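Protein chains: 2
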Amino acid sequence: MKSYRSWTTGETIVMEGEPLPFVGSVVSGCATLTRSMEDGRTQMVGLLMPSDFVGRPGRTTAAYEVVAATDLVLCQFRRDAFEEMMAETPNVSQRLLEMSLDELDAARDWMLVLGRKTAREKVATLLANVLRRAPTDQRPLRAELPLTRDAMATYLGLTIETVSRQISALRKAEIIRLEGNRTVLCDDYGALLTEAGDDDDGDGLY
Amino acid sequence: MKSYRSWTTGETIVMEGEPLPFVGSVVSGCATLTRSMEDGRTQMVGLLMPSDFVGRPGRTTAAYEVVAATDLVLCQFRRDAFEEMMAETPNVSQRLLEMSLDELDAARDWMLVLGRKTAREKVATLLANVLRRAPTDQRPLRAELPLTRDAMATYLGLTIETVSRQISALRKAEIIRLEGNRTVLCDDYGALLTEAGDDDDGDGLY
DNA sequence: CTCCTGCCTTGATGTAAATCAAAGTTGATG
DNA sequence: CATCAACTTTGATTTACATCAAGGCAGGAG
Chain X
19 MKSYRSWTTG ETIVMEGEPL PFVGSVVSGC ATLTRSMEDG RTQMVGLLMP SDFVGRPGRT
79 TAAYEVVAAT DLVLCQFRRD AFEEMMAETP NVSQRLLEMS LDELDAARDW MLVLGRKTAR
139 EKVATLLANV LRRAPTDQRP LRAELPLTRD AMATYLGLTI ETVSRQISAL RKAEIIRLEG
199 NRTVLCDDYG ALLTEAGDDD DGDGLY
Chain Z
19 MKSYRSWTTG ETIVMEGEPL PFVGSVVSGC ATLTRSMEDG RTQMVGLLMP SDFVGRPGRT
79 TAAYEVVAAT DLVLCQFRRD AFEEMMAETP NVSQRLLEMS LDELDAARDW MLVLGRKTAR
139 EKVATLLANV LRRAPTDQRP LRAELPLTRD AMATYLGLTI ETVSRQISAL RKAEIIRLEG
199 NRTVLCDDYG ALLTEAGDDD DGDGLY
């Protein structure tokens, strides 16, 4: 009933609208949830990190496409077995409710980003989110981007060119530095949050 | 422990970040959930209709501003009493999970609207969603808009002028008609969905 | 080593929506 | 019924981002 399975970067895990006979959670790596229009326009609607849940109890088809953004390991449960477990153990559904509400808050926060922020603020917001998970004891803050420029554009509702330009602009403004093009460094997290349009009441990060 | 309370159009029900000592559900009318930046930019992140839930069990402050979009009646529960009830009756938390997941899907669908649709598609999407609740047995479809142009703009991540222009454009293209400026009529729902960029099968949400 | 191929960056140009600016409606109130 | 405020529409102009178009760079295969 419980099993582990791996995917490599770029592999599709589930296609939009397809039957989804399992639920699971991310063990390691990072996956993207996307929703598309017929003409190909695509919007990322979620970024799954370790411990995040995949699938929806009580629904048999996938509402979103799920793709491995990095190499990925998932812990899977057969849907029916999982639903039985939920019915028996109130804790499980309690916990799942809490996780869903957190994701709902995250989705709604992202709606503000998509609807109202400028390109520069969007990019700064994403970089700030990535850096928020960086080890807090080192300065400068350093993090590996789990996404390509293309995936970032899909996440932010922008084009790849705009993402690239804004990253360059933030670099020239000395808000961030890059090492290669998948590692970001930041000396002044408060300044980055300001660029993101957030008040920098950041949780003791600096 | 349970009580009813009314608000009139435009009244604020809860302010962002304020303590929220109750949870509840909409009995009649319509409320908006919004999230704002310090400089005043505002994005609607949800539209609450009858039977929708307000508040979050396990959290004592409001994450969003809630405003009555029309005259509104709420059925309220004291938070602590409600949480007790949840712990005792698995059905309640089961049902709440289902509702949360529906709202999560709705929020994510709306992310695609905000991130990727054009102004015309956004407006058409909103009108299509409003008309989807209209009585299906009459032609033309007719519905009252629960939102002002300003609220629509906040919902769609646009300005009020753009919303107004797109409504005019859809009217001139004979996709919709108006009666006053709060009532929409539509003879060809399929055509409206095409303008919305959807395959003609309402996906969705508000 | 050289040639791909897949990313990423940068520049020039075009355009959808924002902004700025009136003016027209509607509906409430004295 | 006149007035006033709130809401809505329309027009002119600006601008942020998309689109179009090269070119650069790193990693893998021959």
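Quick note, the sequences are listed as chains X and Z, same order.
224 is the number that this note's numbering gives to position 206 of the first sequence; each next residue is one higher, with no gaps.
87 is the number that this note's numbering gives to position 69 of the second sequence; each next residue is one higher, with no gaps.
Ideal Cβ positions, reconstructed from N, Cα and C, are used throughout, including at glycine.
Because the structure is a prediction, the values reported are computed rather than measured.
Inset, instruction - Quickly, what does DSSP pair X:T172 with across the bridge? List them, please. - result: To locate residue 172 of chain X, count along the first sequence from 1; it is residue 154. Partner(s): none; X:T172 has no beta bridge.
Legend entry - Nearest residue (CA-CA) to X:C204, options X:R23, X:V181, X:I194, X:L211: As a first step, residue 204 of chain X must be located in the first sequence, where it is residue number 186. Nearest option by C-alpha distance: X:I194.
Legend entry - Burial state of Z:L38 (16 or more Cβ within 10 Å): Within the second sequence, the letter at position 20 stands for residue 38 of chain Z. When all chains shown are included, Z:L38 counts as buried.
Legend entry - Residues that Z:G76 contacts on chain X, provided the C-beta gap is smaller than 7 Å: The residue labelled residue 76 of chain Z in the question sits at position 58 within the second sequence. Within 7 Å Cβ-Cβ: E116.
Legend entry - DSSP beta-bridge partners of Z:S46: On the second sequence, residue 46 of chain Z is found 28 positions in, with the first residue counted as 1. Paired residue(s): Z:V91.
Inset, instruction - Consider the Cβ of X:D123: report whether some Cβ of chain Z lies at a distance smaller than 8 Å. - result: Here residue 123 of chain X is taken as the residue at index 105 of the first sequence, counted from 1. Yes - at least one Cβ of chain Z is within 8 Å of the one on X:D123.
Legend entry - Proximity below 8 Å, CB of X:A214 to CB of X:A142: Residue numbering aside, residue 214 of chain X sits at position 196 when the first sequence is read from its first letter. Residue numbering aside, residue 142 of chain X sits at position 124 when the first sequence is read from its first letter. A distance below 8 Å separates the beta carbons of X:A214 and X:A142.
Legend entry - Whole-angstrom distance between X:L51 and Z:V44, CA atom to CA atom: The residue labelled residue 44 of chain Z in the question sits at position 26 within the second sequence. The residue labelled residue 51 of chain X in the question sits at position 33 within the first sequence. Between Z:V44 and X:L51, the C-alpha separation is close to 31 Å.
Inset, instruction - Please classify Z:N147: is it buried, with 16 or more other beta-carbons within 10 angstroms of its beta-carbon, or exposed? - result: Here residue 147 of chain Z refers to the residue found at position 129 of the second sequence. Burial call: buried.
Inset, instruction - Give the interface partners of X:A81 over in chain Z, defined as CB-CB distance under 8 Å, in chain order. - result: Here residue 81 of chain X refers to the residue found at position 63 when the first sequence is read from its first residue. Chain order gives the chain Z residues near X:A81 as D123, R126, where near means a beta carbon separation below 8 Å.
Legend entry - Cβ shell of X:V131 (< 7 Å), same chain only, five flanking positions each side left out: The count along the first sequence starts at 1 and reaches residue 131 of chain X at position 113. Closer than 7 Å at the Cβ level, and outside the excluded window around X:V131, lie K140, T143.
Inset, instruction - Would you kindly work out how many angstroms separate the C-alpha atoms of X:M19 and X:G73, rounded to a whole number? - result: Position 1 of the first sequence, counted from the start, is the residue given in the question as residue 19 of chain X. Position 55 of the first sequence, counted from the start, is the residue given in the question as residue 73 of chain X. X:M19 and X:G73 have their C-alpha atoms roughly 16 Å apart.
Inset, instruction - Determine the DSSP secondary structure at X:G208, reduced to helix, strand or coil. - result: Position 190 of the first sequence, counted from the start, is the residue given in the question as residue 208 of chain X. Here X:G208 sits in helix by DSSP.
Inset, instruction - Please determine, among X:L92, X:Y22, X:R23, X:T27, the residue with the shortest C-alpha to C-alpha distance to X:L165. - result: Taking the first residue of the first sequence as position 1, residue 165 of chain X is located at position 147. Ranking X:L92, X:Y22, X:R23, X:T27 by Cα distance to X:L165 puts X:T27 first.
Inset, instruction - List the DSSP bridge partners of Z:P37. - result: Counting from one through the second sequence, the residue named residue 37 of chain Z turns up at place 19. Partner(s): Z:T79.
Inset, instruction - Decide if X:L184 is buried, meaning its Cβ has at least 16 other Cβ atoms within 10 Å, or exposed. - result: To locate residue 184 of chain X, count along the first sequence from 1; it is residue 166. The sequence shown places Gln at residue 184 of chain X, not Leu. With 16 or more other Cβ atoms within 10 Å, it is buried.
Legend entry - Where the alpha helix (DSSP H) containing Z:K20 begins and where it ends: Counted from its first residue, the second sequence places residue 20 of chain Z at position 2. Segment 20–25 is the beta strand (DSSP E) holding Z:K20; no alpha helix (DSSP H) there.
Inset, instruction - Scan the region 179–194 of chain Z for residues whose Cβ lies nearer than 7 Å to a Cβ of chain X and list them as they occur along the chain. - result: Flagged: no residues at all.
Legend entry - Within chain X, partners of Z:M129 - CB distance below 7 Å: Counting from one through the second sequence, the residue named residue 129 of chain Z turns up at place 111. Going along chain X in sequence order, the residues near Z:M129 (Cβ under 7 Å) are Q61, V63, A125, W128, M129, L132.
Legend entry - Beta-carbon proximity list for Z:A209, same chain, < 7 Å, skipping 5 on both sides: Position 191 of the second sequence, counted from the start, is the residue given in the question as residue 209 of chain Z. I193.
Inset, instruction - Compute the beta-carbon to beta-carbon distance between Z:A80 and Z:E121, rounded to the nearest angstrom, for a pair I have assumed lies under 8 Å. - result: Working through the second sequence from its first residue, we reach residue 80 of chain Z at position 62. Working through the second sequence from its first residue, we reach residue 121 of chain Z at position 103. The pair is not a contact, with the Cβ atoms about 16 Å apart (cut-off 8 Å).
Legend entry - Per-residue DSSP class, three states only, for Z:E213: Walking along the second sequence from the start, residue 213 of chain Z turns up at place 195. Helix at Z:E213.
Legend entry - is_contact[X:R96, chain Z] using C-beta, thresh 8 Å: Walking along the first sequence from the start, residue 96 of chain X turns up at place 78. Cβ-Cβ to chain Z under 8 Å: no for X:R96.
Legend entry - Cβ contact (3+ pairs, closer than 8 Å) linking the region 153–164 of chain X and the region 102–115 of chain X: no
Inset, instruction - Would you check if the distance between the CB atom of Z:L65 and the CB atom of Z:Y173 is smaller than 8 Å? - result: If you number the second sequence from 1, residue 65 of chain Z lands on position 47. If you number the second sequence from 1, residue 173 of chain Z lands on position 155. Closer than 8 Å, so yes.
Inset, instruction - Measure from the alpha carbon of X:P153 to the alpha carbon of each residue in X:V202, X:K135, X:L176, then state which is nearest. - result: The sequence position of residue 153 of chain X within the first sequence is 135, counting from 1. Closest by alpha carbon: X:V202.
Inset, instruction - Check the C-beta distance from Z:R53 over to Z:Y22 and give it rounded, since I have them as a contact under 8 Å. - result: Residue 53 of chain Z sits at position 35 when you count from the first residue of the second sequence. Residue 22 of chain Z sits at position 4 when you count from the first residue of the second sequence. Not confirmed; about 27 Å, so no contact.
Legend entry - Spatial distance of Z:D168 from Z:F71 (CA atoms): Stepping through the second sequence from its first residue, residue 168 of chain Z is reached at position 150. Stepping through the second sequence from its first residue, residue 71 of chain Z is reached at position 53. The straight-line gap from Cα to Cα measures roughly 24 Å.
Inset, instruction - Let me know the secondary structure DSSP gives X:M62 once reduced to three states. - result: Residue 62 of chain X sits at position 44 when you count from the first residue of the first sequence. Three-state DSSP puts X:M62 in a strand.
Inset, instruction - Give a yes or no on whether the minimum CB-CB distance between Z:G220 and chain X is below 8 Å. - result: Reading the second sequence from its first residue, position 202 is the one you call residue 220 of chain Z. Any answer about Z:G220 is weak, because its pLDDT of 43 lies below 50 and its placement is not dependable; what the coordinates show is given next. Cβ-Cβ to chain X under 8 Å: no for Z:G220.
Inset, instruction - Run down chain X in chain order and give the residues with a C-beta less than 8 Å from the C-beta of Z:D217. - result: Along the second sequence, one-based indexing puts residue 217 of chain Z at 199. Residues of chain X with a Cβ closer than 8 Å to the Cβ of Z:D217 are, in chain order, E56.
Legend entry - Beta carbon proximity, Z:L165 to chain X, threshold 8 Å: Here residue 165 of chain Z refers to the residue found at position 147 when the second sequence is read from its first residue. Not one chain X Cβ lies under 8 Å of Z:L165.
Inset, instruction - Under 7 Å Cβ to Cβ from X:P68, same chain only, skipping five residues before and after it: list those, please. - result: Taking the first sequence and counting its residues from 1, the one referred to as residue 68 of chain X is at position 50. Only V44, V45, S46 meet the Cβ criterion.
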